[in-house]
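Undergrad: Sharing a structure below in structure tokens format, with a few things to ask.
2 protein chains.
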Amino acid sequence: MRDIADRLGVSSVTVSKALNDKDGVSDELKEKIKVLAVEMGYRYNATARSMKEGLTHNIGVIIPERFTGPTQSFYVRVFQRITRHLEDQGYYGILHILNEEDEEGLTLPKLYSDNKVDGFIVLGQISKEYIELVRSMDVPKMFLDFYDEHSDIDSVVTDNFYAAYELTNVLVQQGHRSIAYVGNLYSTSSIQDRFLGYYKSLLEHRMPMNPDLILNDRDERGTFIEIDLPESLPTAFVCNCDQVAHLLVQKLTSLGIQVPQQCSVVGFDNDIYALLSEPKLTTVEVDVEQMARTAVQSMLKKVDNPNRNFGRVHVKGNIIYRDSVSAAPETLEMQSPTSI
Amino acid sequence: MRDIADRLGVSSVTVSKALNDKDGVSDELKEKIKVLAVEMGYRYNATARSMKEGLTHNIGVIIPERFTGPTQSFYVRVFQRITRHLEDQGYYGILHILNEEDEEGLTLPKLYSDNKVDGFIVLGQISKEYIELVRSMDVPKMFLDFYDEHSDIDSVVTDNFYAAYELTNVLVQQGHRSIAYVGNLYSTSSIQDRFLGYYKSLLEHRMPMNPDLILNDRDERGTFIEIDLPESLPTAFVCNCDQVAHLLVQKLTSLGIQVPQQCSVVGFDNDIYALLSEPKLTTVEVDVEQMARTAVQSMLKKVDNPNRNFGRVHVKGNIIYRDSVSAAPETLEMQSPTSI
DNA sequence: CTGAAAGCGCTTACAG
DNA sequence: CTGAAAGCGCTTACAG
Numbered sequence: 001m002r003d004i005a006d007r008l009g010v011s012s013v014t015v016s017k018a019l020n021d022k023d024g025v026s027d028e029l030k031e032k033i034k035v036l037a038v039e040m041g042y043r044y045n046a047t048a049r050s051m052k053e054g055l056t057h058n059i060g061v062i063i064p065e066r067f068t069g070p071t072q073s074f075y076v077r078v079f080q081r082i083t084r085h086l087e088d089q090g091y092y093g094i095l096h097i098l099n100e101e102d103e104e105g106l107t108l109p110k111l112y113s114d115n116k117v118d119g120f121i122v123l124g125q126i127s128k129e130y131i132e133l134v135r136s137m138d139v140p141k142m143f144l145d146f147y148d149e150h151s152d153i154d155s156v157v158t159d160n161f162y163a164a165y166e167l168t169n170v171l172v173q174q175g176h177r178s179i180a181y182v183g184n185l186y187s188t189s190s191i192q193d194r195f196l197g198y199y200k201s202l203l204e205h206r207m208p209m210n211p212d213l214i215l216n217d218r219d220e221r222g223t224f225i226e227i228d229l230p231e232s233l234p235t236a237f238v239c240n241c242d243q244v245a246h247l248l249v250q251k252l253t254s255l256g257i258q259v260p261q262q263c264s265v266v267g268f269d270n271d272i273y274a275l276l277s278e279p280k281l282t283t284v285e286v287d288v289e290q291m292a293r294t295a296v297q298s299m300l301k302k303v304d305n306p307n308r309n310f311g312r313v314h315v316k317g318n319i320i321y322r323d324s325v326s327a328a329p330e331t332l333e334m335q336s337p338t339s340i
Numbered sequence: 001m002r003d004i005a006d007r008l009g010v011s012s013v014t015v016s017k018a019l020n021d022k023d024g025v026s027d028e029l030k031e032k033i034k035v036l037a038v039e040m041g042y043r044y045n046a047t048a049r050s051m052k053e054g055l056t057h058n059i060g061v062i063i064p065e066r067f068t069g070p071t072q073s074f075y076v077r078v079f080q081r082i083t084r085h086l087e088d089q090g091y092y093g094i095l096h097i098l099n100e101e102d103e104e105g106l107t108l109p110k111l112y113s114d115n116k117v118d119g120f121i122v123l124g125q126i127s128k129e130y131i132e133l134v135r136s137m138d139v140p141k142m143f144l145d146f147y148d149e150h151s152d153i154d155s156v157v158t159d160n161f162y163a164a165y166e167l168t169n170v171l172v173q174q175g176h177r178s179i180a181y182v183g184n185l186y187s188t189s190s191i192q193d194r195f196l197g198y199y200k201s202l203l204e205h206r207m208p209m210n211p212d213l214i215l216n217d218r219d220e221r222g223t224f225i226e227i228d229l230p231e232s233l234p235t236a237f238v239c240n241c242d243q244v245a246h247l248l249v250q251k252l253t254s255l256g257i258q259v260p261q262q263c264s265v266v267g268f269d270n271d272i273y274a275l276l277s278e279p280k281l282t283t284v285e286v287d288v289e290q291m292a293r294t295a296v297q298s299m300l301k302k303v304d305n306p307n308r309n310f311g312r313v314h315v316k317g318n319i320i321y322r323d324s325v326s327a328a329p330e331t332l333e334m335q336s337p338t339s340i
């Protein structure tokens with residue numbers, strides 16, 4: 001900047017104003033300065049501004065390692081959207097993959113202790129203990145795609161409840177009266193909320209909830225376990241995620257049960273498993289774009305004003321209709337007397 | 001720092017030295033300062049140091065968007081290793097996913113124009129035009145997992161040549177004499193080098209190269225195409241990657257050809273497709289850890305001294321033996337006269 | 001419309 | 001072993 005100023009015989013203040021398009025410089029001079037800057041290959045020193053402002057213009061994005069494995073591109077996609085929105089605002093996203101060791105050992109990212117970021121977006125459920133640690137950080141933070149009832153940290157989540165409710169409604173409308181839910185209710189808030197949406201649909205249609213039709217799919221550590229099918233098979237399954245729906249379809253098929261003719265199955269997430277499955281899964285697509293945008297906007301407002309609070313923001317999902325749902329078998333028979 | 005200094009009645013210089021474990025402060029005072037720092041919740045301001053040093057202690061990692069899709073966790077894993085090694089050296093990795101638009105429009109990352117990083121590691125093949133653009137950047141840069149013959153940019157790559165050579169040798173040792181190579185030789189340097197390793201093995205064993213046995217797998221834009229099998233089927237296939245090997249196995253199986261009994265197939269990468277395949281693929285595992293370590297070390301040396309050059313560094317891969325290879329059919333018959 | 005001065009929080013080189 | 005001074009490259013508040 002000084003070099004540019006010297007070459008033009010003006011002060012560095014003027015150059016700064018021109019390059020930032022601020023008032024107080026004639027348009028003519030501004031233009032001259034900008035042209036020369038490009039010519040001289042000038043690159044803005046963001047560090048100097050950070051120093052002055054006390055703001056790094058970086059936001060840390062924390063993703064637990066277990067959500068980054070093979071076949072798990074979802075969070076990477078979300079991260080990508082986040083950075084795009086951040087860049088639109090002159091910010092950068094710095095990805096921090098939280099490994100198990102640090103999560104269990106309650107180690108804060110060096111990003112924090114080195115003052116490298118102005119705030120954190122945590123993308124994906126972390127342990128209760130780590131949530132407490134995150135709370136203790138003296139910067140704005142928010143949770144994305146999960147929340148914790150005991151903390152006051154702002155969060156942006158898919159409207160799991162309503163999406164599961166609507167998806168179950170679809171099954172009911174197709175004549176299903178015996179519908180199972182597949183998922184460990186104590187594992188994540190997503191699974192819980194999706195279950196409650198399923199339950200709301202049952203309630204609304206005066207269908208009893210049968211505890212035998214709530215099927216566990218994973219142990220406490222999130223590892224998938226064999227699904228125990230009930231004695232008397234339901235005609236439809238609401239699965240908490242596509243991967244489990246995929247496993248379930250495989251299991252049913254291997255038992256000689258046809259999907260969707262004999263059993264309908266729906267998933268959640270619209271990830272690779274929804275397409276890998278045979279038949280392809282009817283499922284719910286998360287609105288990644290909207291979630292990323294909301295999280296970034298809220299975060300930047302919090303950076304400006306640390307007292308801003310947004311609470312829990314729900315983003316609606318979209319049902320994707322594919323081939324894993326059909327009318328309930330009994331209904332089919334009733335509807336087609338020709339088959340008698 | 002000033003606050004700490006004031007509370008202890010010393011200067012901020014002394015505090016700085018103590019916190020950085022430099023000479024010139026008594027051990028006693030150092031200890032006192034460190035304790036107080038923790039007590040006061042002091043967080044180091046990395047920005048200030050950056051300002052002074054003219055170094056951001058950040059390294060940009062550029063991954064082309066097309067390598068981050070579903071089922072492509074490889075580069076994310078590499079990124080994770082890179083950041084781990086960077087952190088060990090007091091550095092941070094900033095991920096920049098290069099979207100197609102920016103790659104075609106030759107837009108440099110804002111990370112560069114904002115002086116946010118001290119160097120770039122490009123992870124995954126980019127277009128020739130973009131390579132030229134990268135060259136024009138006035139910071140240290142290096143390529144990871146690919147290289148370009150026309151540029152003098154340092155690179156770290158898997159030793160594709162030798163790994164493919166060794167893998168082909170394995171097939172030859174199993175009695176195979178008609179071995180195909182599957183891959184578009186004009187697509188990436190990896191595919192080319194793997195082909196040459198395959199060719200070297202043929203040469204060494206005095207086996208003629210049959211052009212009909214070089215099978216294309218993708219078009220210019222990298223989209224997979226249907227593989228055209230030759231009239232007379234070889235007894236083994238060396239595929240340039242696991243995904244293509246997986247597709248090939250599916251195709252062979254659907255044609256009623258048994259793998260590996262009638263045809264052996266080997267892949268490359270040891271990714272999710274190697275395990276998805278039935279039978280599981282014999283393949284080459286890239287030494288991610290070693291590649292990441294080498295890239296980071298070289299990069300940091302270049303940051304210290306921009307004139308340092310490392311050229312092309314090859315990292316050896318490991319063959320993973322699974323179930324997609326068996327002895328050549330004719331050999332089998334010769335070996336087991338009991339079957340007559 | 002233009003610029004001199006101060007300051008962001010560190011580190012380095014030097015003096016004591 | 002300890003500290004006063006200068007400086008990294010910007011921006012902001014103020015004076016002209």
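Just so you know, the sequences run in chain order A and B. Quick note: the first sequence, position 191, residue 191 per UniProt numbering, numbers continuous. Quick note: the second sequence, position 60, residue 60 per UniProt numbering, numbers continuous. All C-beta atoms, glycine included, are put in the ideal place defined by N, C-alpha and C.
1. Between A46/A and chain B, is the shortest Cβ-Cβ distance under 7 Å, so that the two count as touching?
2. If you count every other CB in all the chains shown that lies within 10 Å of the CB of H57/B, and 16 or more means buried, which is it?
3. Does the beta carbon of D114/B come closer than 7 Å to any beta carbon on chain A?
4. Pull up the distance between the alpha-carbon of L185/A and that of L255/A, whole angstroms please.
5. May I ask you to list the residues that DSSP assigns as paired with I121/A?
6. Helix, strand or coil for residue 403/B per DSSP?
7. Could you check whether the Cβ of I272/A sits closer than 7 Å to any Cβ belonging to chain B?
8. S264/A: buried (16+ other C-beta within 10 angstroms of its C-beta) or exposed?
9. Can you find a CB in chain B that lies within less than 7 Å of the CB of S50/A?
10. I want to verify the contact list: residues of chain A whose CB lies under 9 Å from the CB of G124/B, in sequence order.
11. Using a threshold of 7 Å, state whether the C-beta atoms of G317/B and V284/B are closer than that.
12. Might you give, ordered along the chain, the residues of its own chain that have their beta carbon closer than 6 Å to the beta carbon of H176/B, omitting 5 neighbours on each side?
13. Please check the pair D217/A and G183/A, which I expect to be a contact at CB under 8 Å, by giving their CB distance rounded to whole angstroms.
14. Mind checking V203/A: buried by the 16 CB within 10 Å criterion, or exposed?
15. Check Y75/A in the structure and name its three-state DSSP category.
16. Do you know how far the Cα of D212/B is from the Cα of P230/B?
17. Just reading off the alpha helix (DSSP H) that Y273/A is part of, what are its end residues?
18. Assess contact between the stretch 85-104 of chain A and the stretch 26-46 of chain B, defined as three or more Cβ pairs (one per stretch) separated by less than 8 Å. Is contact present?
19. What is the DSSP secondary structure of T68/A, reduced to helix, strand or coil?
20. Which full runs of the alpha helix (DSSP H) of 4+ residues lie inside the stretch 171-230 of chain A, going along the chain?
21. Give the single residue among K52/A, S232/A, G9/A and L252/A whose Cα lies nearest to the Cα of L36/A.
22. For D21/B, collect the residues of the same chain with a Cβ closer than 8 Å to its Cβ; drop the 5 residues on either side in sequence, then sort them by chain order.
23. Leaving out five residues on either side along the sequence, give the residues of the same chain with a beta carbon under 7 Å from the beta carbon of M334/A.
24. Can you list, in chain order, the residues of its chain with a C-beta nearer than 7 Å to that of R308/B? Leave out the 5 residues immediately preceding and following it.
25. Nearest-angstrom Cα distance between L108/B and L108/A?
26. To be precise: take each residue of the stretch 228-239 of chain B, compare its Cβ to all Cβ atoms of chain A, and keep it if any distance is under 8 Å. Which residues remain?
27. Determine the extent of the alpha helix (DSSP H) in which V244/B is found, giving its start and end residues.
28. Against T68/A, what residues of chain B qualify as contacts under a CB-to-CB distance less than 9 Å, listed in chain order?
29. Closer than 8 Å between beta carbons: that is the criterion. Which residues of the UniProt domain "HTH lacI-type" (1-53) of chain B meet it against chain A?
30. With contact counted as at least three CB pairs below 8 Å, one residue from each stretch, are the stretch 161-170 of chain B and the stretch 130-149 of chain B in contact?
31. Classify Y92/B as helix, strand or coil using the three-state DSSP reduction.
32. My guess is that A48/A and M51/B are in contact by the Cβ rule of under 8 Å, so how many angstroms apart are they, rounded?
33. Just the Cα atoms here: how many angstroms apart are S136/A and Y112/A?
34. Checking the sheet assignment: what are the DSSP bridge partners for L98/A?
35. With which residues is E285/B paired in a DSSP beta bridge?
36. What residues in the stretch 242-269 of chain A bring their beta carbon closer than 9 Å to a beta carbon of chain B?
TA: In short:
1. Within the first sequence, the letter at position 46 stands for residue 46/A. With 7 Å as the cut-off, A46/A counts as an interface residue toward chain B.
2. Walking along the second sequence from the start, residue 57/B turns up at place 57. Label assigned to H57/B: buried.
3. Within the second sequence, residue 114/B is the residue found at index 114, counting from 1. Residue-level contact check: D114/B touches chain A, since one or more beta carbons of chain A fall below 7 Å from its beta carbon.
4. Taking the first residue of the first sequence as position 1, residue 185/A is located at position 185. Taking the first residue of the first sequence as position 1, residue 255/A is located at position 255. Their Cα atoms are separated by approximately 26 Å.
5. Counting from one through the first sequence, the residue named residue 121/A turns up at place 121. Per DSSP, V61/A and M142/A.
6. The shown model of chain B, from 1 to 340, leaves out residue 403/B, and the question about it has no answer.
7. The sequence position of residue 272/A within the first sequence is 272, counting from 1. Closer than 7 Å to some Cβ of chain B, the Cβ of I272/A qualifies, so yes.
8. Start at 1 with the first residue of the first sequence, and residue 264/A comes out as number 264. S264/A is buried by the Cβ-count criterion.
9. Numbered from its first residue, the first sequence carries residue 50/A at position 50. So yes, S50/A belongs to the interface.
10. One-based indexing of the second sequence puts residue 124/B at position 124. Ordered by position in chain A, no residue passes the 9 Å Cβ test against G124/B, which lies about 14 Å from the chain.
11. By 1-based counting over the second sequence, the position of residue 317/B is 317. By 1-based counting over the second sequence, the position of residue 284/B is 284. The answer is yes: Cβ separation under 7 Å.
12. Counted from its first residue, the second sequence places residue 176/B at position 176. Here the set comprises T235, A236 and A328.
13. The residue labelled residue 217/A in the question sits at position 217 within the first sequence. The residue labelled residue 183/A in the question sits at position 183 within the first sequence. Contact holds; Cβ gap of about 5 Å.
14. For the purposes of this step, residue 203/A is taken as residue 203 along the first sequence, with counting starting at 1. The question names Val, yet the displayed sequence has Leu at residue 203/A. Exposed, because fewer than 16 other Cβ atoms sit within 10 Å of the Cβ of L203/A.
15. Here residue 75/A refers to the residue found at position 75 of the first sequence. Helix, per DSSP.
16. Walking along the second sequence from the start, residue 230/B turns up at place 230. Walking along the second sequence from the start, residue 212/B turns up at place 212. Those two C-alpha atoms are separated by around 6 Å.
17. Sequence index remark: in the first sequence, residue 273/A carries index 273 (1-based). Taken as a continuous stretch (DSSP letters only), the alpha helix (DSSP H) holding Y273/A covers I272 to L276.
18. They do not touch, by the three-pair rule.
19. Stepping through the first sequence from its first residue, residue 68/A is reached at position 68. Shown here, T68/A sits in coil according to DSSP, grouped into three states, outside any helix or strand.
20. 189-204
21. Stepping through the first sequence from its first residue, residue 36/A is reached at position 36. By alpha-carbon distance to L36/A, the top candidate from K52/A, S232/A, G9/A and L252/A is G9/A.
22. Start at 1 with the first residue of the second sequence, and residue 21/B comes out as number 21. So the list reads K30, once near-sequence residues are dropped.
23. As a first step, residue 334/A is located in the first sequence; it is residue number 334 there, counting from the start. For M334/A, the predicted structure reports a pLDDT of 45, less than 50, and the residue's modelled location is therefore unreliable. A value from the coordinates is still provided. Taken in chain order, the list of residues that qualify is empty.
24. Reading the second sequence from its first residue, position 308 is the one you call residue 308/B. Correct list, in chain order: K301 and K302.
25. Counting from 1 along the second sequence, the entry for residue 108/B is found at position 108. Counting from 1 along the first sequence, the entry for residue 108/A is found at position 108. Distance between the alpha carbons of L108/B and L108/A is about 32 Å.
26. Close to chain A, meaning a Cβ-Cβ distance shorter than 8 Å, is no residue of the stretch 228-239 of chain B at all.
27. On the second sequence, residue 244/B is found 244 positions in, with the first residue counted as 1. From DSSP, the alpha helix (DSSP H) with V244/B extends over D242 to S254.
28. Translated into positions along the first sequence, residue 68/A becomes position 68. Within 9 Å Cβ-Cβ: S73, V76, R77 and Q80.
29. Per Cβ criterion, the list reads G41, R43, Y44, N45, A46, T47, A48, S50 and M51.
30. no
31. As a working note, residue 92/B is residue 92 in the second sequence. Strand, per DSSP.
32. Position 48 of the first sequence, counting from 1, holds the residue named residue 48/A. Position 51 of the second sequence, counting from 1, holds the residue named residue 51/B. A48/A to M51/B, Cβ: 6 Å. Contact.
33. Working through the first sequence from its first residue, we reach residue 136/A at position 136. Working through the first sequence from its first residue, we reach residue 112/A at position 112. Each residue's CA atom was taken as its position, placing S136/A and Y112/A some 11 Å apart.
34. By 1-based counting over the first sequence, the position of residue 98/A is 98. In the DSSP output, where bridge partners are listed per residue, L98/A has P64/A.
35. Reading the second sequence from its first residue, position 285 is the one you call residue 285/B. D269/B and N318/B, per the DSSP bridge assignment.
36. none
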